[in-house]
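In the working numbering, the protein residues as written are 1 to 709.
Heads up, the beta-carbon is just placed ideally off N, CA and C, and yes, glycines get one too.
Note that the coordinates shown come from a computational prediction; the quantities given were computed from them, not determined experimentally.
Since the structure comes first, as structure tokens, the remarks are kept for the end.
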């Protein structure tokens, strides 16, 4: 069955401009130029990589096996005796386009198809799509929301070539069937595969199907799907890419080694505009013999410019990983993990790891992905593991192109799962099946053990290092009961609270071995309940005396007299970024704001929906505020110690005149304390002190309450 659905030029242009805000101007990409707003690195191109001794070895659902022999990691992967191109010339890129709410709420999938068909046409280059996973597609596109459909680009259009009953695009079999059908019907000299949708990092995976309860593809399912097609292919994909958030991870790259030469992906969340398919198609039309390394170099530059046009380049990351170099990186990282596991001060390692750059929120307002920059992690822990320098060198060799915005200038191109916050045993169970190092799994497990309040010096899990043919096949169960980290009574931090001679609220810790950082925390009394006003990070920590004091002066970041319930996202030498729960135009979301330390000014960044607590999918868009948007500050309510929902402040109509500033708290009664965070992801509220504010900004403490400290 074939028919053609025409994208009218006017409709296409109008849709692109109305949905993305990106520039409609044609702009020629230039290479080798450096701009102060971004950092770009390039490495060297390499071949298909290592040889493996697979004699007598049987592979199951995965084309990779990680085994242990004499305490050393052994890597084995399926290989072909010879890689033979499946076509005589040209390129085919297979796009597994799971539309989800990105399409149904913003037509982002349709927009990307329009980008592809608007490009220069060449018979040597085609994109083959499978569409599905959305309950609504742009009406003029003619794409079904009740069936899976397969399309091929033709000159200025797409052509429907197959239609199938609806099944979840979050299932391995669905992906496998598309890839198997695609390489059989549309082979080319070079082929790419793109997984398009939301991403959630190594734990949550990618491609969340809106029509099937947001079922998603885990890394194991991607591995299984591609492995099932392995014998039907005579060559690797030139690249496998993720037009999705957070998928440039070491765990992802590891499973892709048998199937592709390069991985294209972002460590951080992607803006809604995602990849620029016009640039990709134009480049390949003009360079049909380009390989993955050359296409990847162009794609890094194109992605950054696309984000810049969209107005969201500060947080940009994009990397091209040479998968033939992954074995060297994995082996070097395993040696580093062994040294870390054997080091006698786990809390120092954990505290250092927290200082590495991370991606996808990782705070109490927006949720956690627990994806940490691998370069940052290695730099932070190398004082405890000399081999980390070798791992850093291997990382730089594997990541052949890497581009970042100003928020992530030191990011190395690949992230790794690290438990900034635990989600009980769920994360550990998933991670044990994708972790690249038994020693690193033991290190992560030890962090989980410490999060329960147990003495980590008692921890041992040497059973993970025993000889095994494939440690992924071992049933992993912790010897303790992991809990979800959060407000805790585990007792990893102890001490007392008092007011010093100057009347400063002071926390005296018994020791700081498990201490990570602290914030000052504010609540407001509303007689029958209290509302949470957030946490400010302006505290003073003296590691010599084990004391923490506040810098609170009665003012709080506010808009139009309404204090904001801030939570810190990240701090650099130049700026601090915070997230604030708000309602914008009637929809709950998070507002990101920043304080510029160089100019002593506040700026609005935009709104971001964060991490879906049920699925783990990361929202793509950071939405810029527009004149006329109605913002309502949101506050968590607590009644009798229980969460009682949200309270909303007065509506504020956004304009260029609306600013954030430190303002005196309004007249009322408040409770002040500190929140102490330990290195395992737990946090503790110190005893509160009550104070009142008058209408002139004066602060008054109860003398009797002060006397009790």
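Going by the DSSP bridge assignment, what does residue i pair with across the sheet?
i	result
residue 536	520
residue 722	Residue 722 is absent from the structure shown; the chain starts at 1 and stops at 709.
residue 608	590, 622
residue 258	Note: residue 258 sits in no beta bridge, so no partner.
residue 580	591
residue 299	DSSP, once it has assigned bridges, lists no residue as partnering residue 299.
residue 74	67
residue 371	359, 417
residue 130	96, 150
residue 531	524, 637
residue 762	Lying before the first or after the last residue shown, residue 762 is absent from the chain, which here runs from 1 to 709.
residue 575	596
residue 700	692
residue 83	Note: residue 83 sits in no beta bridge, so no partner.
residue 563	558
residue 648	634
residue 495	509
Once the 5 residues before and after residue i are set aside, which same chain residues still bring their CB inside 8 angstroms of it?
i	result
residue 752	Here the chain covers residues 1 to 709 and nothing more, so residue 752 does not appear.
residue 70	467
residue 354	420, 516, 517, 679
residue 209	98, 100, 132, 133, 168, 169, 170, 215, 216
residue 662	555, 556, 557, 558
Cβ of residue i within 9 angstroms of Cβ of residue j?
i	j	result
residue 467	residue 62	no
residue 603	residue 689	no
residue 712	residue 363	With the chain covering only 1 through 709, there is no way to say anything about residue 712.
residue 103	residue 52	no
residue 681	residue 416	no
residue 113	residue 251	no
residue 617	residue 214	yes
residue 464	residue 441	yes
residue 620	residue 271	yes
residue 148	residue 120	no
residue 124	residue 285	yes
residue 371	residue 175	no
residue 373	residue 401	no
Spatial neighbours of residue i within its chain, please: C-beta separation below 6 angstroms, excluding the five flanking residues on both sides.
i	result
residue 226	259
residue 391	332, 333, 336, 378
residue 686	497, 507, 673, 674
residue 385	336, 339, 340
residue 513	347
residue 27	Because the pLDDT at residue 27 is just 41, under 50, the model does not fix this residue reliably, and the point stays unresolved.
residue 622	312, 606, 608
residue 109	97, 99, 103
residue 701	691
residue 44	In this prediction, residue 44 scores a pLDDT of 44, lower than 50, which makes its location untrustworthy; no coordinate-derived value is stated.
residue 450	456, 680
residue 172	221, 224, 225
residue 537	519, 568
residue 115	277, 278
residue 194	95, 241, 243
residue 531	524, 635, 637, 647
CB of residue i to nearest heavy atom of the ligand NAD: below 8 angstroms?
i	result
residue 553	No copy of the ligand NAD appears in this structure; indeed no ligand is present at all.
Leaving out the 5 sequence neighbours to the left and right, which residues in its chain are closer than 7 angstroms to residue i when beta-carbon positions are compared?
i	result
residue 649	562, 632, 633
residue 699	554, 691, 693
residue 32	Reliability of the predicted coordinates at residue 32 is poor, the pLDDT of 36 falling under 50, and the value obtained from them is presented with this limitation in mind. Same-chain partners within the cutoff: there are none.
residue 88	189
residue 256	240, 263, 323
residue 443	337, 340, 341
residue 534	522, 564, 565, 566, 567
residue 375	392, 395, 410, 411, 412
residue 368	361, 362, 420, 421, 611
residue 161	2, 150, 151, 152
residue 667	693, 694, 695
| task | Would you check if there are 3 or more beta carbon pairs closer than 8 angstroms linking the region 666 to 684 to the region 516 to 531? | result | Here the region 666 to 684 makes contact with the region 516 to 531; the two share three or more CB pairs at distances below 8 angstroms.
| Counting pairs of beta carbons, one from the region 625 to 637 and one from the region 651 to 661, are three or more of them closer than 8 angstroms? | Because the criterion of three Cβ pairs below 8 angstroms is met, the region 625 to 637 and the region 651 to 661 touch.
| request: Would you be able to state if there are at least three C-beta pairs under 8 angstroms between the region 234 to 253 and the region 266 to 280? | output: Inter-segment contact for the region 266 to 280 and the region 234 to 253 is present: three or more beta-carbon pairs are separated by less than 8 angstroms.
| Where in the region 137 to 206 do unbroken runs of the alpha helix (DSSP H), each at least 4 residues long, occur, reported from the N-terminal end onward? | 172 to 185, 201 to 204, all fully within the region 137 to 206.
| message | Quick test of the definition: if touching needs 3 or more C-beta pairs under 8 angstroms, does the region 615 to 629 touch the region 572 to 579? | response | No, they do not touch.
| task | Flag this pair as touching only if the region 322 to 330 and the region 213 to 224 have three or more C-beta atom pairs under 8 angstroms; answer yes or no. | result | No, they do not touch.
| task | Go through the region 232 to 287 residue by residue and report every complete run of the alpha helix (DSSP H) that reaches 4 residues or more, in order. | result | Secondary structure in the region 232 to 287: the alpha helix (DSSP H) runs of 4 residues or longer, each lying completely within the stretch, are 250 to 256, 277 to 286 in chain order.
| Three or more C-beta pairs closer than 8 angstroms, one from the region 153 to 164 and one from the region 198 to 210: is that the case here? | Not touching, per the Cβ criterion.
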